[in-house]
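Undergrad:
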Ligand SMILES: NC(=O)c1ccc[n+]([C@@H]2O[C@H](COP(=O)([O-])OP(=O)(O)OC[C@H]3O[C@@H](n4cnc5c(N)ncnc54)[C@H](O)[C@@H]3O)[C@@H](O)[C@H]2O)c1
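In this note's numbering, the protein residues as written are 354 to 724.
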């Protein structure tokens, strides 16, 4: 597991996924056999790795990636994005199964080369698609599958919150995210998520228009030094999906939250609408839709939020990162196809690359099928 000293690698992948699987006694397959993950922590700083290992009762850690690849079956990558391609290439070349954070690369060419190499080598390959496992999105998918919406008209994704500049309050995200030269930028960070979310939950993405901004040009890093923020920190996107569905997708690190969640997904259809967040999902059916009348002379008479019905859970939702790890490990052991693979990862990078180009050129671009 490379990059476990980082935010995602430590919290979601090591602690909430791999260690949690061990705490539950491993992962039991349908034939009764048990998968027991034995993590080897890989990184650049031996002291940090030793401390992490010690803290969690683990014994294996190393700064020698080649040696780790020689001795282990699966390579996992949660490093900074710029370090990913080289490490994945090495792992694939050695014939190790690979599982990785997104984006898989900074360019479509690199992302596709990784996917093709993995396929040619006959290994299992997987890419994190955590948002699909959020309870809110699973409820939304359930609604789509049930036909609740009738004909879907449009989708509005509103993602974001204020990320502090780092001067008088430390920033809550690593500074590389705000430097284009270090793999930063909200398009490269978020468009890979929106690609698999829209493709899987609503309909395939067919075109993209993106307006990107760097609203905050100077930020302060982890050492409190000022730096030039060269990457986009907000992007205002319009995607066309198959069937004429329009998705408006705002992603911003420079907005203040007036929503029930840090991300909301509103879907409007002829028969009803829904608003999903990370956990919840509320609906309003055509038959229960109130009739507001536009009249600026009168105070608002509707309590709009109360006109929606919260969906029941009807299920137990485990941590999404852990659930996806369990699926990937099962595929490695049983040999089954893994759907969220490096080709799916490449589709995410494709949307990011087109988004950046659209923003530069100021025009709408078609999203070609990668098949
Ligand atoms: N799935 C998600 O929701 C999600 C959310 C946030 C980030 N991510 C992805 O996870 C990856 C890591 O993001 P993070 O927020 O955990 O970052 P982070 O800065 O907290 O961690 C980065 C890790 O990479 C290591 N690293 C290796 N080479 C490095 C180098 N040259 N410079 C700096 N660090 C280096 C660091 O030691 C650290 O372990 C990114 O690719 C990011 O896109 C995914």
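Backbone N, C-alpha and C fix where the C-beta goes; we use that ideal spot for every residue, glycine too.
On a Cα-Cα basis, can you pick out the residue from 390, 529, 493 and 610 that is closest to residue 571?
TA: 529
Undergrad: Is DSSP giving residue 642 helix, strand or coil here?
TA: coil
Undergrad: Any heavy atom of ligand 1 within a distance shorter than 7 Å of the CB on residue 434?
TA: Within 7 Å of the C-beta of residue 434 there is at least one heavy atom belonging to ligand 1.
Undergrad: I'd like the list of long-range same chain contacts for residue 581, defined as Cβ closer than 7 Å, with 5 residues on each side in sequence excluded.
TA: 570 and 571
Undergrad: Can you look up residue 604 in the DSSP assignment and give me helix, strand or coil?
TA: strand
Undergrad: To the nearest whole angstrom, what separates the beta carbons of residue 438 and residue 455, a pair I think is in contact under 8 Å?
TA: Not really, about 13 Å apart at Cβ, beyond 8 Å.
Undergrad: Quick check on the DSSP output: the beta strand (DSSP E) that includes residue 683 runs from which residue to which?
TA: Looking at the DSSP string, residue 683 is not in any beta strand (DSSP E); the run it does join, the alpha helix (DSSP H), is 673–687.
Undergrad: Could you check if residue 467 is buried or exposed, using at least 16 other CB atoms within 10 Å of its CB as the buried criterion?
TA: buried
Undergrad: Taking 8 Å as the CB-CB cut-off, is residue 581 touching chain C?
TA: Reference to chain C is not applicable here, since this structure consists of a single protein chain.
Undergrad: Fully enclosed by the stretch 402–462, which beta strand (DSSP E) runs are 3 residues long or longer?
TA: 427–430 and 450–453
Undergrad: For a test of the three-state rule: what should DSSP assign to residue 362, helix, strand or coil?
TA: In the structure shown, residue 362 falls within a helical segment according to DSSP collapsed to helix, strand and coil.
Undergrad: Just how far apart, CA to CA, sit residue 642 and residue 660?
TA: 8 Å
Undergrad: Going by other Cβ atoms of all chains shown within 10 Å of its Cβ, with 16 needed for buried, is residue 449 buried or exposed?
TA: Flag for residue 449 reads buried.
Undergrad: With distances taken Cα to Cα, identify the nearest neighbour of residue 540 among 485, 504, 558 and 606.
TA: 606
Undergrad: When you compare the CB positions of residue 355 and residue 411, do they come within less than 8 Å of one another, or not?
TA: no
Undergrad: Are residue 338 and residue 588 close, meaning C-beta to C-beta below 8 Å?
TA: Residue 338 lies beyond the residue range present for the chain, which begins at 354 and ends at 724; the question has no answer from this structure.
Undergrad: I'd like to know if the stretch 518–534 and the stretch 626–634 are in contact, where contact means that at least 3 CB-CB pairs between them fall below 8 Å.
TA: With the cut-off at 8 Å, the stretch 518–534 and the stretch 626–634 do not touch.
Undergrad: Between the Cα of residue 399 and those of 717, 554, 461 and 416, spot the shortest distance and give me the residue it belongs to.
TA: 416
Undergrad: What residues match up with residue 589 in a beta bridge as DSSP calls it?
TA: 564 and 603
Undergrad: Which whole-angstrom value is the C-beta distance of residue 633 and residue 489, which I expect to be below 8 Å?
TA: 6 Å
Undergrad: Please confirm whether any heavy atom of ligand 1 lies closer than 7 Å to the CB of residue 625.
TA: no
Undergrad: How long is the line joining the alpha carbons of residue 668 and residue 496, rounded to whole angstroms?
TA: 14 Å
Undergrad: Take the Cβ of residue 644 as the centre, count every other Cβ of all protein chains shown within 10 Å, and call the residue buried at 16 or more, exposed below.
TA: exposed
Undergrad: Starting from residue 475 and walking both ways along the beta strand (DSSP E), at which residues does that stretch end?
TA: Run containing residue 475: none; DSSP gives neither H nor E here.
Undergrad: First and last residue of the alpha helix (DSSP H) that includes residue 497?
TA: From DSSP, the alpha helix (DSSP H) with residue 497 extends over 488–499.
Undergrad: For residue 507, I'd like the list of residues in its chain whose CB is within less than 6 Å of its CB, leaving aside the five on either flank, ordered along the chain.
TA: 599 and 621
Undergrad: Using only the alpha-carbon positions, how far apart do residue 453 and residue 675 sit?
TA: Residue 453 and residue 675: Cα-Cα distance of roughly 13 Å.
Undergrad: May I have the straight-line CA-CA distance separating residue 686 from residue 499, to the nearest angstrom?
TA: Put simply, the backbone Cα of residue 686 is about 33 Å away from that of residue 499.
Undergrad: Given a cut-off of 8 Å, decide if residue 639 and residue 663 are closer than it, judged by their beta-carbon atoms.
TA: A distance of 8 Å or more separates the beta carbons of residue 663 and residue 639.
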